[in-house]
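Inspection log for the structure reproduced underneath, given as structure tokens.
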Amino acid sequence: MTPTLKFDNLAKTYREHGAGKRALNGISFAVGAGEIVGFLGPNGAGKTTAMHVLMDILFPTSGHAEIMGLDSRDPESRQNVGFLPEIFAFDGFLTGTRFLKLFGSLSGRNQDLIAAHIPELLTFLDMPDAANVRIKNYSKGMTQKIGLAQALIGDPQILILDEPTSGMDPIAKARIKQLFIKLRSEGKTVFLSTHILSDVEDIADRVAIINQGELLAYDRVSSLLAANERGFKIVFAGGGADLLGALVGCAISNDSQGRTEVTCPDGKSRDFTLQTILQHGGDIVSLKALGGSLQSQFLRLMHQEGLSDD
Ligand SMILES: Nc1ncnc2c1ncn2[C@@H]1O[C@H](COP(=O)(O)OP(=O)(O)OP(=O)(O)O)[C@@H](O)[C@H]1O
Ligand SMILES: [Mg+2]
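To convert, count from 1 in the sequence shown and add 21; that's the working numbering.
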């Protein structure tokens, strides 16, 4: 099946005052239809550069990118794409409604559907009163929201979003996570760069991780997390001395609040420990897979394991 998005040995060197800056060093991966894919990497890794090649804002130095099987140099490839650039700046003379009408009409979508969608989108983004306010008078978060609304207004099948929730409040961030899940359930593809790894861990099917223009990992989130698991930490309260005696084969310590922490090396000892705690009347406070978060996997790939908190 034709992938929705494809990077094929994509390389980009920026030329500045005769010097060359290699921003992408031959990255290859493909994104399937109906998936949420997180594009991760530290500042300067090359994420925006790769997205700009997809949007034909930049020419690749070698290799190429495709959208729905068409080379990204072909404007037809972007027929069904909504794009949110990283830095969303434009002449803010238009009101929110006028602005979204303009972008909606560029998408070719039916005008009545666009007109009905605008108040719905603004309400969803918690800024219904901004409809008749000029964008130049929006706050930072509101400007980001109208940028995202612009990407959504044409109801595209493919969304390419460069740090979509940057500067947004926690309510908006949570709503937008739900929105991405809904878009996926409609068969749409969401390709987003972000630094919020916990959100990606919650909702993405796959992640691509790049650093210094090199693709370090491209995998299902579940596989990436399982590969790095180092056992489990269970925190419980109560249960008495009998319980501690019954927990054989596990490392036990007390946490700062006087609760007991048990570290289990594998799933079998985790299940045994949980059962034993419950049988002895203990209260389970939390269960955490050690080393299994996307954050810790990301830090490991960047050789920064010491910064991990699990
Ligand atoms: N127009 C440009 N001219 C020269 N170098 C550039 C240009 N744009 C980006 N770069 C360089 O290319 C590299 C990749 O930048 P890019 O913006 O793609 O990173 P990014 O992964 O999007 O980072 P961030 O997370 O900070 O947004 C960086 O070293 C950057 O300095
Ligand atoms: Mg960027």
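Yeah, the Cβ is synthetic: ideal placement off N, Cα and C, and Gly gets one too. Here the structure is a predicted model, which is why all the values come from computation and not from measurement.
Of all residues in the structure, which have a C-beta closer than 7 Å to any heavy atom of ligand 2, taken in chain order? Answer in sequence order: Lys68, Thr69, Glu107, Asp183, Glu184, Ser214.
DSSP puts Ser274 in a beta bridge; with which residues? Paired residues: Glu282.
Please say whether Ala152 and Leu146 have beta carbons closer to each other than 8 Å? At a Cβ-Cβ threshold of 8 Å, Leu146 and Ala152 do not count as neighbours.
Let me know if Glu37 comes out buried or exposed under the rule of 16 or more other beta-carbons within 10 Å of its beta-carbon. With fewer than 16 Cβ atoms within 10 Å of its Cβ, Glu37 is classed as exposed.
Limits of the alpha helix (DSSP H) - the one that Val74 falls within: Residue range 68-75 is occupied by the alpha helix (DSSP H) that includes Val74.
Ala229: CB within 7 Å of a non-hydrogen atom of ligand 1: No, ligand 1 has no heavy atom inside 7 Å of this Cβ.
Looking at ligand 1, does it come within less than 7 Å of Asn1, judged from the CB to the closest heavy atom? Nothing can be reported for residue 1, as the shown portion of the chain is limited to 22 through 331.
Leu31 and Ile57: beta carbons closer than 8 Å? It is not a contact, given that the beta carbons lie outside the stated cut-off.
Excluding sequence positions up to five away, which residues of its chain have a Cβ less than 8 Å from the Cβ of Gly162? Counting only Cβ-Cβ distances below 8 Å, and skipping sequence neighbours, we find Gly188, Met189, Asp190, Ala193.
Looking only at its chain, what residues have a beta carbon closer than 8 Å to the beta carbon of Gly129, apart from the 5 residues adjacent to it on each side? So the list reads Gly175, once near-sequence residues are dropped.
What whole-angstrom Cβ distance do Ile255 and Leu182 have, given they're in contact under 8 Å? Not confirmed; about 37 Å, so no contact.
Go through its chain and collect everything with a Cβ distance to Arg43's Cβ below 7 Å, but skip five positions before and after it. Around Arg43: Thr34, Gly234.
Closest by C-alpha distance to Met323, when choosing among Gln300, Ile108, Pro63: The shortest C-alpha separation from Met323 is found at Pro63.
Hey, is Leu143's beta-carbon within less than 8 Å of any beta-carbon in chain C? Reference to chain C is not applicable here, since this structure consists of a single protein chain.
Nearest residue (CA-CA) to Ser244, options Ile305, Asp220, Cys285, Ser314: Taking only the C-alpha atoms, the option nearest Ser244 is Ser314.
Comparing the CB of Asn46 with every heavy atom of ligand 1, is any distance shorter than 7 Å? Not so, every heavy atom of ligand 1 lies at least 7 Å from the Cβ.
Could I get the ranges of all uninterrupted alpha helix (DSSP H) runs contained in the segment 202-263, with 4 residues as the minimum, in chain order? Fully enclosed alpha helix (DSSP H) runs of 4 or longer: 218-224, 242-248.
C-alpha distance - Lys289 paired with Phe253, whole-angstrom precision: Taking the straight line from one Cα to the other gives about 10 Å.
With distances taken from CA atoms, which of Gln278, Val283, Ser277 is nearest Ala267? Closest by alpha carbon: Val283.
Could you give the DSSP three-state label for Glu107: helix, strand or coil? For Glu107, the three-state secondary structure derived from DSSP is coil.
By Cβ distance below 8 Å, which residues in the same chain neighbour Phe319 in space, the five residues on each side in sequence not counted? Beyond the five residues adjoining it in sequence on each side, Phe319 comes within less than 8 Å, by CB distance, of Leu61, Leu218, Ile230 in the same chain, given in chain order.
What residue does the alpha helix (DSSP H) around Gly125 start on, and which one ends it? Boundaries of the alpha helix (DSSP H) harbouring Gly125: 117-128, taken from the DSSP string.
Lys27 versus Pro140 - alpha carbon distance: So the two alpha carbons sit approximately 34 Å from each other.
Range covered by the beta strand (DSSP E) that runs through Phe50: Counting along the chain, the beta strand (DSSP E) containing Phe50 begins and ends at 40-52.
Cutting at 7 Å between CB atoms, please list the residues of its own chain near Ile167, excluding the five before and the five after it. Taken in chain order, the residues that qualify are Gly117, Phe120, Ile156, Tyr159.
Sequence-distant residues of the same chain with beta carbon closer than 7 Å to Leu173, five excluded per side: So the qualifying residues of the chain are Gly103, Leu142.
Straight-line CA distance for Asp29 to Ala86? Between Asp29 and Ala86, the C-alpha separation is close to 6 Å.
Under the criterion of a Cβ to heavy atom distance below 7 Å, does Lys42 qualify as lining ligand 1? Flag set: Cβ of Lys42 near ligand 1.
Using three-state DSSP, classify Thr297 as helix, strand or coil. Of the three classes helix, strand and coil, the one that applies to Thr297 here is helix, per DSSP.
Are the CB atoms of Thr70 and Phe109 nearer to each other than 8 Å? In this structure, Phe109 does not lie closer than 8 Å to Thr70 by Cβ.
Is Tyr35 near ligand 1, going by C-beta to nearest heavy atom under 7 Å? Yes - ligand 1 has a heavy atom lying nearer than 7 Å to the Cβ of Tyr35.
Mind checking Gln171: buried by the 16 CB within 10 Å criterion, or exposed? Flag for Gln171 reads buried.
Assigned exposure category for Phe114 - 16 Cβ within 10 Å defines buried: So Phe114 ends up on the exposed side.
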